[in-house]
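Residues are numbered in the working numbering as their position in the sequence shown, beginning at 1, plus a constant of 21.
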Amino acid sequence: MVETTVNVVVDNKVLSAHSVHTPLVGMPGGFSPEFVSCYNKSVFIPLASPAPTWNWALEFDGSCLEWRGTSVALFGVTPPAQYNQTVGIADPSTDTTNLTQPGSYRRYTYPVSSQGGQFFASGTVPDTRQIQIGLSNANGIVVDYALVTAGNFTNLDGQTILVDDSSPEIFWSGSWAVVDNYTLPIQCTIPSPQAFEESKTTLNSTDSVNFMANMQPHANSTHSSSAAGDSFTFQFAGTSILVSGVTPGPSSPSDWLLRMEFSLDGNITTRTLNPTSDPTKPHYVYFEPDPLPPGNHTLVGKIVNVAGSPLPAAQIDYITYMPSFFTITEKPVFPAPEVSGPATSPSSVPPSSDSQSHAKSHAGAIAGGVMGGCLLIGCCLGILWLVRRNKKRNAPNLDTEPFTSTVPTVYSQSDVPPLQQSKRRFSPPPAASSSVASNSNAALSEQQSNIAAEMRQLQNSPVEARLRELQAQMDAIEMRMQENAPPSYSGGG
């Protein structure tokens, strides 16, 4: 839930109509169409009589519109250096100021000459009251609009509320960037100092001064983006709305395109913005629909397409709307909108290739582990079966009387030459030879038992290499047991 200060924007035409005394209207004062960058397409250049010292007092409490507020700020263009840069201003927060006595106005020097933007901000009054402000000896000043901070009981009927891009009432989605502290050069024309001194009502070419003003966006910042899909949301209770900003790109002959969709209560309007002959400027209107029925509304602005070199950018500066409530106490407080769309919804974001490969590698590791475990168990069972079979086959030869089976005799090289493949008649071996064979077989049997015990520990060692090693040992033991078996006897003839 967002609660913010409410600022009422007062157009220059309304300001002049609610002057304490009416300044001369027309040239050199008046509503100047030569300014291409201004709020509501006009500015006011005041001229009071008698010249050259004069005062112009504004009273924010007219008979029809009641501007009771707590502070006021003035926006416009300060004059170039050849004009007077020190003026008198009656600040509404100063009780000693008398609007009818310009000599009592506080002396004030413009912060920068030829600068477009805010040039004065009053102090804050302790309570909501009538706001009065006066200017004296301000030849060449260009007044565009005023911003009044409303109090709890300021009458908002028929007023226009301005919401800056920095307000938390606007929700930004995507890669918007805040761009601040910059100016845009705009060609301006105002009456010459001589025209002011002579109080001329008509001007010729020698009575005008052309200069380049450095224009700032409102409050000296914008939200900027060139990314398709970026959007903003604004909820309000009112009967009209306008979205303003800085021109998306340079003037013609540049070639660029910015297409945006504006959804107002679900009704979509598509705007295609292209270069014009006007310079890049503040107060560029992005969206201004027809009047709305009183009530709550939701506006969503979305970038659809961006093309050109360099790329243009949606540069949103402020939103204005006419409220359907009468005081701040009646202003609805809206909850933060739900973020939607594939760019911001976690449920709709597809998995990346990295997460897919990780999932695949995890599945492969699990499957490989299962298969490896099965293979290990199978190998162990096979080896155990082989060892038991060998034990069963060799055990009778060790327990029965010798000489009952025919086993080839292997001789060592130190005993006799290799065996001749022919029938021979053997005599019984000496008793000592039988004892040696028995002891050797007992040792081999113990080795087999050790190998069987080691096989039970296979899960803690590399399987394949150890299986080959054990198989080789088993083969060697079997051969040695066959060597140690006593020869069998057969009858000769």
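From the three backbone atoms N, C-alpha and C, an ideal C-beta is built for every residue, glycine too.
Source: prediction; values computed, not measured.
By the DSSP assignment, the beta strand (DSSP E) with Ser-194 in it spans what residues? Taking the first residue of the sequence shown as 1, we reach residue 194 at position 173. Ser-194 -> beta strand (DSSP E) spans 191–194.
Quick check on the burial criterion: 16 or more other C-beta atoms within 10 angstroms. Buried or exposed for Phe-174? Position 153 of the sequence shown holds residue 174. Flag for Phe-174 reads exposed.
When the Cα of Pro-310 is compared with those of Leu-177, Asn-241 and Tyr-342, which residue comes out closest? The residue given as residue 310 occupies position 289 in the sequence shown. For the residues Leu-177, Asn-241 and Tyr-342, the minimum Cα distance to Pro-310 belongs to Tyr-342.
Measuring only the C-alpha atoms, how far is Gly-97 from Ser-194? Position 76 of the sequence shown, counted from the first residue, corresponds to residue 97. Position 173 of the sequence shown, counted from the first residue, corresponds to residue 194. Approximately 32 Å, taken between the alpha carbons.
With H, G and I counted as helix, E and B as strand and the rest as coil, what does DSSP make of Pro-274? Reading the sequence shown from its first residue, position 253 is the one you call residue 274. The answer is coil: DSSP assigns Pro-274 none of H, G, I, E or B.
Rounded to the nearest angstrom, what separates Leu-177 and Ile-337 at their Cα positions? Within the sequence shown, the letter at position 156 stands for residue 177. Within the sequence shown, the letter at position 316 stands for residue 337. Cα to Cα, the separation comes out at about 25 Å.
Touch test, the segment 129–146 against the segment 106–120, Cβ-Cβ under 8 Å, three pairs minimum: yes
Looking at Thr-107: is its Cβ nearer than 8 Å to the Cβ of Tyr-126? In the sequence shown, counting from the first residue as 1, residue 107 sits at position 86. In the sequence shown, counting from the first residue as 1, residue 126 sits at position 105. Not in contact: Thr-107 and Tyr-126 (Cβ atoms no closer than 8 Å).
Could you tell me whether the Cβ atoms of Leu-285 and Leu-263 are closer together than 8 Å? To locate residue 285, count along the sequence shown from 1; it is residue 264. To locate residue 263, count along the sequence shown from 1; it is residue 242. Their beta carbons are not under 8 Å apart, which means Leu-285 does not touch Leu-263 by this criterion.
Please work out which residues of its chain come closer than 6 Å, Cβ to Cβ, to Gly-270, disregarding the five sequence neighbours upstream and downstream, and give them in chain order. By 1-based counting over the sequence shown, the position of residue 270 is 249. Only Trp-277 and Pro-333 meet the Cβ criterion.
Let me know the secondary structure DSSP gives Pro-110 once reduced to three states. Translated into the one-based positions of the sequence shown, residue 110 becomes position 89. It should be pointed out that residue 110 corresponds to Ile in this sequence rather than to Pro. Ile-110 falls in the strand class under three-state DSSP.
Less than 6 Å between C-beta atoms, sequence neighbours within five positions excluded: which residues of the same chain meet that for Glu-282? What you label residue 282 is simply residue 261 of the sequence shown in a count that begins at 1. So the list reads Ile-289, Thr-291, Lys-323 and Val-325, once near-sequence residues are dropped.
Does the segment 55–63 come close enough to the segment 294–306 to have 3 or more Cβ pairs within less than 8 Å? yes
Report the rounded CA-to-CA distance for His-383 versus Trp-197, giving the unit in angstroms. Looking up residue 383 in the sequence shown gives position 362. Looking up residue 197 in the sequence shown gives position 176. Caution is warranted here: a pLDDT of 40 is assigned to His-383, below 50, making its placement in the model unreliable, and the coordinate value is therefore given only provisionally. One C-alpha to the other measures close to 38 Å.
Go through its chain and collect everything with a Cβ distance to Phe-272's Cβ below 7 Å, but skip five positions before and after it. Counted from its first residue, the sequence shown places residue 272 at position 251. Note on residue identity: the sequence assigns Ser, not Phe, to residue 272. Around Ser-272: Pro-296, Thr-297, Ser-298, Asp-299, Pro-300 and Thr-301.
Helix, strand or coil for Asp-178? Go by DSSP, reduced to three states. Position 157 of the sequence shown holds residue 178. Note: Asp-178 maps to coil in three-state DSSP.
Please determine, among Leu-156, Gln-103, Asp-186 and Val-57, the residue with the shortest C-alpha to C-alpha distance to Thr-25. As a position in the sequence shown, residue 25 is number 4, starting the count at 1. Checked all of Leu-156, Gln-103, Asp-186 and Val-57; the closest Cα to Thr-25 is Asp-186.
Below 8 Å CB to CB, which residues in the same chain sit around Pro-312 once its five sequence neighbours on both sides are set aside? Numbered from its first residue, the sequence shown carries residue 312 at position 291. If we look at Pro-312 and ignore the five residues flanking it on each side, its Cβ neighbours are Thr-260 and Ser-261.
Do Gly-266 and Thr-293 have their CB atoms nearer than 8 Å? By one-based count along the sequence shown, residue 266 stands at place 245. By one-based count along the sequence shown, residue 293 stands at place 272. Not closer than 8 Å, so no.
Mind checking which residues open and close the beta strand (DSSP E) that includes Asp-201? In the sequence shown, the residue the question calls residue 201 occupies position 180. Counting along the chain, the beta strand (DSSP E) containing Asp-201 begins and ends at 198–201.
Three-state secondary structure (DSSP) of Ser-369: Here residue 369 refers to the residue found at position 348 of the sequence shown. Low confidence applies to Ser-369: its pLDDT is 32, below 50, so where it sits in the model is not reliable enough to give any reading.
Who pairs with Met-495 in a beta bridge, going by DSSP? Counting from one through the sequence shown, the residue named residue 495 turns up at place 474. In DSSP, Met-495 forms no bridge with anything.
Is it true that the CB of Val-29 sits closer than 8 Å to the CB of Val-164? Indexing the sequence shown from 1 puts residue 164 at position 143. Indexing the sequence shown from 1 puts residue 29 at position 8. Not a contact, by the Cβ cut-off of 8 Å.
Can you check DSSP and say which residues form a bridge with Gly-329? For the purposes of this step, residue 329 is taken as the residue at position 308 of the sequence shown. Beta-bridge pairing links Gly-329 to Trp-277.
Option nearest His-162 by Cα separation, candidates Gly-138, Asp-201, Gly-287 and Gly-179: Looking up residue 162 in the sequence shown gives position 141. Checking the displayed sequence, the identity of residue 162 turns out to be Ile instead of His. With distances taken between Cα atoms, Ile-162 lies closest to Gly-138.
So, at 6 Å on beta carbons, what are the nonlocal neighbours of Ser-456 in its own chain, with the 5 sequence-adjacent residues on each side left out? Looking up residue 456 in the sequence shown gives position 435. Low local confidence applies: a pLDDT of 43 at Ser-456 is under 50, so the model's placement there is unreliable, with the coordinate-based value given in what follows. Within the same chain, Ser-456 has no close Cβ partners at all.
What distance in whole Å lies between the Cβ atoms of Ala-167 and Leu-279, which are believed to be in contact at a cut-off of 8 Å? Numbered from its first residue, the sequence shown carries residue 279 at position 258. Numbered from its first residue, the sequence shown carries residue 167 at position 146. Contact flag wrong, Cβ pair sits at about 31 Å.
Straight-line gap, Tyr-104 to Ala-234 (C-alpha atoms, nearest Å): The sequence position of residue 104 within the sequence shown is 83, counting from 1. The sequence position of residue 234 within the sequence shown is 213, counting from 1. Straight-line Cα distance between these residues: approximately 14 Å.
If you drop the 5 nearest sequence neighbours on each side, which residues of the same chain put their C-beta closer than 6 Å to that of Thr-181? Position 160 of the sequence shown, counted from the start, is the residue given in the question as residue 181. Taken in chain order, the residues that qualify are Val-30, Thr-341 and Met-343.
Is Ile-289 helix, strand or coil when you go by DSSP? Position 268 of the sequence shown, counted from the start, is the residue given in the question as residue 289. It is a strand residue.
At 3 residues or longer, and completely inside the segment 301–352: list those beta strand (DSSP E) runs for me, N to C. 305–308, 317–329 and 335–344
Identity of the residue in Ile-207, His-318, Ser-470 and Asn-33 nearest Pro-238 by Cα: As a first step, residue 238 is located in the sequence shown; it is residue number 217 there, counting from the start. Closest option to Pro-238, Cα to Cα, is Ile-207.
Can you find the residues in the same chain that come closer than 6 Å, C-beta to C-beta, to Phe-253, ignoring five residues on each side of it along the sequence? Here residue 253 corresponds to residue number 232 of the sequence shown, with the count starting at 1. Only Ile-191, Trp-193 and Gly-322 meet the Cβ criterion.
N- and C-terminal bounds of the beta strand (DSSP E) containing Tyr-138: Indexing the sequence shown from 1 puts residue 138 at position 117. Just to set this straight, residue 138 is Gly in the shown sequence, not Tyr. Counting along the chain, the beta strand (DSSP E) containing Gly-138 begins and ends at 136–142.
Would you call Thr-199 buried or exposed, if buried means 16 or more other Cβ atoms sit within 10 Å of its Cβ? Sequence index remark: in the sequence shown, residue 199 carries index 178 (1-based). Note on identity: in this sequence residue 199 is Val, with Thr being the wrong assignment. Exposed is the call here.
To the nearest angstrom, how far is it from the Cα of Tyr-494 to the Cα of Asn-471? As a working note, residue 494 is residue 473 in the sequence shown. As a working note, residue 471 is residue 450 in the sequence shown. With the sequence shown as reference, residue 494 is identified as Gln, and Tyr is not the correct amino acid for it. Rounded to the nearest angstrom, the two C-alpha atoms are 11 Å apart.
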